[in-house]
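Position one of the sequence shown corresponds to residue 5 (this note's numbering), numbered consecutively onward.
We treat Cβ as the ideally placed atom computed from N, Cα and C, and that holds for glycine.
Remember, it's a predicted structure, so these values are computed and weren't measured experimentally.
Heads up, the thing below is written out as structure tokens.
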Amino acid sequence: MKKLEGKIAVITGGSSGIGLATAKRFVEEGAHVVITGRREKELKEAAAFIMKNVTTVVGDVSLLEDLDRLYAVVKEKYGHIDILFANAGAGTIAPLAVATEAHFDQTFDVNVKGLFFTVQKALPLSKTAVRSS
5 MKKLEGKIAV ITGGSSGIGL ATAKRFVEEG AHVVITGRRE KELKEAAAFI MKNVTTVVGD
65 VSLLEDLDRL YAVVKEKYGH IDILFANAGA GTIAPLAVAT EAHFDQTFDV NVKGLFFTVQ
125 KALPLSKTAV RSS
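The structure is reproduced here in structure tokens:
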């Protein structure tokens, strides 16, 4: 039996780079993966590369409504999440002396806010999440 046989994995930033390589490997190990990214064309190409057991959801992790839509798809199709890889990240390359508030906000919104709410909104679908009252 493969290591991830029957597991459900959600990977943000799954259309390229480390996210795509991870999704491909998880499928090779038996998982079903849900990948998300901001560009539909790249997600379709990623799904073709992975070839099987992949669902794509277009979305931006910095937008809470996109995360809600992602997890609605996961809940409807699979009912739960076994693995969450909050991989999405962004940044604008600009020298510190000329970086603007917009540069900072975009980086913070994806890398901090997006990460926080990606994990928080996944908790109700996680079978192993620790819940406090």
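Q: Kindly identify the DSSP beta-bridge partner or partners of residue 4.
A: Only positions 5 to 137 of the chain appear in the structure, and residue 4 is not among them; the question remains open.
Q: Kindly indicate which three-state DSSP category residue 2 falls into: helix, strand or coil?
A: This structure gives no information on residue 2, because the portion of the chain shown stretches from 5 to 137.
Q.
Measuring straight from C-alpha to C-alpha, what distance separates residue 132 and residue 101?
A. About 45 Å.
Q: Using a threshold of 8 Å, state whether the C-beta atoms of residue 61 and residue 40 are closer than that.
A: Yes, the pair counts as a contact, with Cβ atoms nearer than the cut-off.
Q.
Which same chain residues end up closer than 6 Å to residue 27 when comparing Cβ atoms and leaving out the 5 residues on each side of it in sequence?
A. Contacts found: 15, 18, 37, 39, 54.
**Q.** N- and C-terminal bounds of the alpha helix (DSSP H) containing residue 111
**A.** Bounds of the alpha helix (DSSP H) holding residue 111 are 105 to 112.
Q: Using only alpha-carbon positions, find the residue among 78, 110, 30, 43 that is nearest to residue 9.
A: Residue 30 is the option with its Cα nearest to residue 9.
(Q) Please report the distance separating the alpha-carbon of residue 112 from that of residue 85. (A) Each residue's alpha carbon lies about 26 Å from the other.
Q) Shortest alpha-carbon distance to residue 120 belongs to which of 92, 99, 34? A) Of 92, 99, 34, the residue nearest in Cα terms is 92.
Q. What residue range is occupied by the uninterrupted beta strand (DSSP E) comprising residue 60?
A. Start and end: 58 to 62.
Q | Pair within 8 Å by beta-carbon distance, residue 13 and residue 87 | A | The answer is yes: Cβ separation under 8 Å.
Q: Could you pull the start and end residues of the alpha helix (DSSP H) that residue 9 belongs to?
A: Note, residue 9: premise wrong, no alpha helix (DSSP H); not H, not E.
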